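This report refers to the structure that appears directly beneath it.
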Amino acid sequence: MNGVVELIVMVPAALAAGFAVWGADRRRSRYGVLLAPGVSLSACCLCWVGLRIAGLGSHPELHWLTWAVSIAVGALAAVAAAAVAGPRRARRDAADLDRALRL
């Protein structure tokens, strides 16, 4: 039951971090609204599963690490996704526009 409570805390926190990253990014019109939250949630859940498999979820003193580290990893993954997708998509859109205007 303890893992379910962690998930109830982690999932909204990871989604909120992803939406905050999307809202703070000035290139957010270049990619979809669900990219950063989706990457954040995926990274958060995968990190949580990995930490639980590693045994941190059953250790009483380190129990909080499974959800705290997972949320931080999710937020960092959202920042990385926005940093990679934004400029790459901007360059691709500019190249497509140039190619379309040359026709």
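In the numbering used here, each number is its position in the sequence shown, counted from 1, plus 39.
Note that CB positions come from ideal geometry on N, CA and C, so glycine has one too.
Remember, it's a predicted structure, so these values are computed and weren't measured experimentally.
- Task: Please classify SER81: does DSSP put it in a helix, a strand, or coil?
- Result: Counted from its first residue, the sequence shown places residue 81 at position 42. Helix at SER81.
- Task: Indicate whether VAL118 and VAL60 have their beta-carbon atoms separated by less than 8 Å.
- Result: If you number the sequence shown from 1, residue 118 lands on position 79. If you number the sequence shown from 1, residue 60 lands on position 21. Contact flag set, yes.
- Query: Touching or not, the stretch 51-70 and the stretch 106-117, by the rule of three or more beta carbon pairs under 8 Å?
  - Reply: yes
- Message: Taking the beta carbon of ARG141 as the centre, do at least 16 other beta carbons fall within 10 Å, making it buried, or is it exposed?
- Response: Start at 1 with the first residue of the sequence shown, and residue 141 comes out as number 102. Result: exposed.
- Going straight from the alpha carbon of PHE58 to that of THR105, what length do you get? For the purposes of this step, residue 58 is taken as the residue at position 19 of the sequence shown. For the purposes of this step, residue 105 is taken as the residue at position 66 of the sequence shown. So the alpha carbons of these two residues sit roughly 22 Å apart.
- Kindly indicate which residue of ARG65, TRP87, ALA129, LEU95 has the alpha-carbon position closest to the one of ILE47. Residue numbering aside, residue 47 sits at position 8 when the sequence shown is read from its first letter. Among ARG65, TRP87, ALA129, LEU95, the Cα nearest to that of ILE47 belongs to TRP87.
- What's the gap between the Cα of SER68 and the Cα of GLU100? The residue given as residue 68 occupies position 29 in the sequence shown. The residue given as residue 100 occupies position 61 in the sequence shown. When rounded, the distance between both Cα atoms is 43 Å.
- Query: How big is the Cα-Cα spacing for VAL43 and VAL72?
  - Reply: By 1-based counting over the sequence shown, the position of residue 43 is 4. By 1-based counting over the sequence shown, the position of residue 72 is 33. Answer to the nearest angstrom: the Cα atoms are 27 Å apart.
- Determine the DSSP secondary structure at ARG131, reduced to helix, strand or coil. Residue mapping note: residue 131 aligns to position 92 of the sequence shown, counting from 1. Three-state DSSP puts ARG131 in a helix.
- What residue from GLY125, ALA116, ALA122 has the CA that sits closest to TRP76's CA? Walking along the sequence shown from the start, residue 76 turns up at place 37. Looking at the sequence itself, residue 76 is Pro, so the reference to Trp does not match. Across the set GLY125, ALA116, ALA122, the C-alpha of ALA116 shows the shortest separation from the C-alpha of PRO76.
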